[in-house]
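Residue numbers (the working numbering): 2 to 185.
Where a beta carbon is used, it is the ideal one built from N, C-alpha and C, also for glycine.
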Ligand code: HEC
């Protein structure tokens, strides 16, 4: 019985994710879709009772931040709040801000499970084989102690894109007053 419910939820979750992945334009999911996806995720994500074996101290957080800034920043930003990641809101499902209660309510074990296995049918990859167990647990410590939004700047790979965008914007806004002058 429980298995059937689980299979059904996974099925609906997958169909919805697939529709989003194949859609031309990412639309924000409706409340019902969000609920179905979240419910199927809650059933699929394991590791609830796994205990974090690395100590909760500054050195673990620092090591975790190093791995995070190597592997995760390209989508999650240096600070875990997606700062400076241009596509974060435009993919579906979007890249979440890891500081929000939605994410922080996962247990340490669940976060480790997510990192290890990824979330199927989304942009969230699995890291088994790329990070050791210890490194994943350190990343979990970092997720619990994320720095303030924007405090670490934007990922290096996007710096140029932002500068170019700002320049174009500046040129564009500078043209406006000139146009006014001509018509005066
Ligand atoms: C290629 C882009 C990408 C990379 C790289 C990436 N993620 Fe994600 N991540 C995502 C997306 C997209 C989601 C949203 C998945 C969803 O809504 O189910 C996500 C979701 C998450 C979640 C929340 C899952 C949930 O249930 O909402 C956590 C925690 C997470 N990522 C941690 C990490 C960590 C730690 C790393 C690095 C080891 C990482 N991510 C690397 C794209 C990425």
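Q. Who are the Cβ neighbours of residue 94 in its own chain at under 6 angstroms, not counting the five residues just before and after it?
A. Closer than 6 angstroms at the Cβ level, and outside the excluded window around residue 94, lie 123.
Q. Taking just the CA atoms, how far does residue 173 sit from residue 119?
A. Cα to Cα, the separation comes out at about 42 angstroms.
Q: Using a threshold of 8 angstroms, state whether the C-beta atoms of residue 140 and residue 65 are closer than that.
A: Their beta carbons are under 8 angstroms apart, which means residue 140 touches residue 65 by this criterion.
Q: Please find out if some non-hydrogen atom of the ligand HEC comes closer than 7 angstroms to the beta-carbon of residue 114.
A: Outside the cutoff, so no.
Q | Given residue 58 as reference, the closest of 158, 144, 175 and 126 once Cα atoms are compared | A | Nearest neighbour of residue 58 by Cα position, chosen from 158, 144, 175 and 126, turns out to be 144.
Q) Taking the alpha-carbon positions, what's the residue 112 to residue 92 distance? A) A straight line joining the alpha-carbon of residue 112 with that of residue 92 spans about 21 angstroms.
(Q) My output table needs one value for residue 113: the three-state DSSP class, helix, strand or coil. (A) Helix, per DSSP.
Q) When every heavy atom of the ligand COA is checked, does at least one fall within less than 7 angstroms of the C-beta of residue 158? A) With respect to small molecules bound, the structure shown includes the ligand HEC and not the ligand COA.
(Q) Contact between the segment 71-88 and the segment 151-169 is defined here as three or more beta-carbon pairs at a separation below 8 angstroms; is this criterion met? (A) With three or more CB-CB distances shorter than 8 angstroms, the segment 71-88 counts as touching the segment 151-169.
Q) From this set, 131, 104 and 97, which residue's C-alpha is nearest residue 29's C-alpha? A) Out of 131, 104 and 97, the CA that lies nearest to the CA of residue 29 is found in 97.
Q: Helix, strand or coil for residue 44, going by three-state DSSP, please let me know.
A: Residue state, collapsed to three classes: helix.
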